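Everything below concerns the one structure shown next.
Below, the structure is given as structure tokens:
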């Protein structure tokens, strides 16, 4: 069975993980990177992405991955999650079971997170005398703020799904049975919007999070100018005037 599979239906891609022992090893990272690369090249037919898994979203690194020397010449472990974060289409994570260490770092690389009510989240690296290596120290505080992030990072304590919702780590809870349906509903709604607009909106937020406000506003304006050259933008305006649903063509 493949570690990562990719299926597309109605412009929504489902990227499904089948991790050995729910842990990320080098093979899983390579497969996930390849899927992210494929998605970047499929903006013509994929408008939104759902990342899903089995019983656990990801419980951490394999022993081999955790033991890799950072100066051994191998790609950084976090490069895969950087590739996921760079997918231009909006990405929705459907998180069940444990999302710890690398599993949480993958979730943080996604744009929207939906969790099953029994999900748990943790960054336990300090209990092993190490620090997160997959972007956790950077993406976690950006997602939930410095205070909540530092508590998770420094204590290694897990938070349950209810607390994750309260602190903004996830945006919605669902029953385990309904989890993927809930995530797919969000992705399907996104896919029904103007696909160029949703990609550029994601890009505007990504750029702006790394810039002072004035520069972020300028980036937003630049992307708006690009959008004004598209047929979809003209169709959206015309549909609004005519009081009908728009028919976007991704061009």
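Residue numbers (our numbering): 2 to 252.
Where is the CB? At the ideal position from N, CA and C, for every residue including glycine.
All values reported here derive from a predicted model rather than from experimental measurement.
{"Asked": "8 Å Cβ shell around residue 137 - same chain, five flanking residues per side excluded", "Found": "102, 105, 106, 109, 124, 126, 154"}
{"Asked": "Secondary structure of residue 231, DSSP reduced to three states", "Found": "coil"}
{"Asked": "Buried/exposed call for residue 90, threshold 16 Cβ in 10 Å", "Found": "buried"}
{"Asked": "Cα-Cα separation between residue 243 and residue 84, rounded to whole angstroms", "Found": "41 Å"}
{"Asked": "Exposure of residue 55, with buried meaning 16 or more beta-carbon neighbours within 10 Å", "Found": "exposed"}
{"Asked": "Burial state of residue 114, where buried means 16 or more other Cβ atoms lie within 10 Å", "Found": "buried"}
{"Asked": "Cα-Cα separation, residue 174 to residue 120", "Found": "9 Å"}
{"Asked": "Straight-line gap, residue 143 to residue 49 (C-alpha atoms, nearest Å)", "Found": "22 Å"}
{"Asked": "Cβ neighbours of residue 86 in the same chain (closer than 6 Å, five flanking residues each side left out)", "Found": "110"}
{"Asked": "8 Å Cβ cutoff met for residue 1 and residue 171", "Found": "Since the displayed the chain opens at 2 and closes at 252, residue 1 lies outside it and no answer follows."}
{"Asked": "Straight-line Cα distance separating residue 150 from residue 39", "Found": "32 Å"}
{"Asked": "Residue 92 - containing beta strand (DSSP E), residue span", "Found": "92 to 96"}
{"Asked": "Beta-carbon separation (whole angstroms), residue 198 vs residue 99, contact threshold 8 Å", "Found": "Residue 198 to residue 99, Cβ: 35 Å. No contact."}
{"Asked": "Residue 4 vs residue 14 beta-carbon contact at 8 Å", "Found": "no"}
{"Asked": "For residue 31 and residue 66, believed in contact at Cβ under 8 Å, the rounded distance", "Found": "Actually they do not touch by this definition, with Cβ atoms about 11 Å apart."}
{"Asked": "Alpha-carbon spacing of residue 177 relative to residue 163, whole angstroms", "Found": "14 Å"}
{"Asked": "From 209, 10, 64, 203, residue whose alpha carbon lies closest to that of residue 47", "Found": "10"}
{"Asked": "Opening and closing residue of the alpha helix (DSSP H) in which residue 167 lies", "Found": "162 to 167"}
{"Asked": "Residue 210 classed as buried or exposed, judged by whether at least 16 other C-beta atoms fall within 10 angstroms", "Found": "exposed"}
{"Asked": "Candidates 122, 45, 8: closest to residue 61 by CA position", "Found": "122"}
{"Asked": "Element boundaries [beta strand (DSSP E), containing residue 10]", "Found": "5 to 10"}
{"Asked": "Contact check, residue 220 vs residue 205, beta carbons under 8 Å", "Found": "yes"}
{"Asked": "Rounded distance between the beta-carbons of residue 81 and residue 33, thought under 8 Å", "Found": "5 Å"}
{"Asked": "Beta-ladder partner(s) of residue 114, from DSSP", "Found": "94"}
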